[in-house]
Amino acid sequence: MSDDAKSIARGLQKRDPDLLDRLIEQYQYRLFRYLVYITGNKERAEDFFQETWIRVLERGHQYDGKSKFEAWLFAIARHLVIDWQRSKKAQSLDSLTDPEQENPLQFGNEKEPSPLHQVLSHETQENVQASLSQIPAIYREVLVLRFQEELQIEEMAGVLSVPLSTVKSRLYRGLEALRGVLQGGAA
Amino acid sequence: MSDQHHARAKQLIAQERVEGISQAERDWLGTHLQECTNCATHAQETEQALRSLHTAAIPLPAGLASRTQFRVQLRLQEMREREPKRRALWAACAVSWVFGIASAPYVWRLFQWFGERTGVPKVVWQLGFGLWWTIPALFVLIVLLMEKVRQGGEPDWLRQSK
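Residue numbers (my numbering), protein chains in the order written: chain E, 3 to 189; chain R, 38 to 199.
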């Protein structure tokens, strides 16, 4: 892993306040965006954002710089959200802990042309977010980690604490769900 | 062109973005997309959907970073204030343990003398000695348990990912 990750690990071990300030600045957007996508709520994401950094301070000594810092950061944020969901006992359909449904992935009927390409050209960012909010959180999350945060599948498996095959299956389903909701928005 | 070809093309379109495809598969897909408008549209839509995801912006709440920095600094200060107390506690444990080990022969004799004077059965004063000697260990155990309870255990997910 890079020298940067190693120096972050050293700084966190020492609880370097300047390093923490710098990391909060540096990762604020990515962490907040990730939290918004997995919680579906900006106010809640803000609370989790602060809690995540408190955890980083308290558990910083556990980061050894062998993996990307952001993967570790997202894992902390994710599990705070899961703990909160568990404490609420909210087994909602949008839960991140919902079991994977192992139905075979269905591709759309190729004979039915979709108006997606027309819509996307007019799609505002708000519409994209509204569409994303219709995707189950477990799929939304992998899409964000893969295509926004550009994490590798192995890194995602670490963040999500699931096997590689599960990450891949969620990604395929997520991709199909994303296409689905965008097509639905167009209808 | 069979339905199987279209299904394979769509699968490869997704696979290319998720985990990558081989050069042979890429060549096959490229050829198929040139011949099949529907699959080409599917590929284009997938690409556009991902691009829109990639560029979707979420406005940051005002002062989020500074408020967080403030909270983190407060917590850091609190932790630093607590650190000397914890160190003193561990030092006290260590000293009491060392003292316990060093004084064990004398305490044994003291218990023996007391046992003989009061006439209690040998096993009772020996048990008393054993309990007295395990006090520092019990103390450490209690401290450790309290720490564990305070932190709510050590969740697996906080450990490094592979």
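Note that the Cβ used here is the ideal one computed from N, Cα and C, for glycine as well.
- The three-state reading of DSSP puts P98(R) in coil, since its state is none of H, G, I, E or B.
- The Cβ-Cβ distance between T105(R) and W55(E) falls below 8 Å.
- In the three-state reduction of the DSSP assignment, E56(R) falls in the coil class.
- The residues M158 and L173, in chain order, have a CB closer than 7 Å to that of R148(E) in the same chain once the five nearest residues on each side in sequence are set aside.
- One alpha carbon belongs to T83(R), the other to L177(E), and they sit about 8 Å apart.
- When secondary structure is reduced to three states using DSSP, L49(R) falls in the helix class.
- At a C-beta separation below 8 Å, R108(R) has these neighbours in chain E: Q52, W55 and I56.
- A distance below 6 Å between beta-carbons, with the five flanking residues on each side excluded, links R63(R) to no residue of its chain.
- Counting only residues of its own chain and dropping the five nearest sequence neighbours on each side, V161(E) has a CB closer than 6 Å to the CB of A73, F76 and A77.
- Runs of the alpha helix (DSSP H) lying entirely within the segment 65-141 of chain R and spanning at least 4 residues, in chain order: 74-92.
- Here the segment 137-154 of chain E makes contact with the segment 78-92 of chain R; the two share three or more CB pairs at distances below 8 Å.
- Shortest Cα-Cα distance from D20(E) to any of W169(R), G165(R), Q110(R) and H79(R) involves Q110(R).
- The three-state secondary structure of Q154(E), taken from DSSP, is coil.
- The three-state reading of DSSP puts Y65(E) in coil, since its state is none of H, G, I, E or B.
- When the alpha-carbon of Y31(E) is set against those of Q52(E), Q64(E), V83(E) and L14(E), the nearest one is in Q52(E).
- Chain order gives the chain E residues near T105(R) as I26, F51, Q52 and W55, where near means a beta carbon separation below 7 Å.
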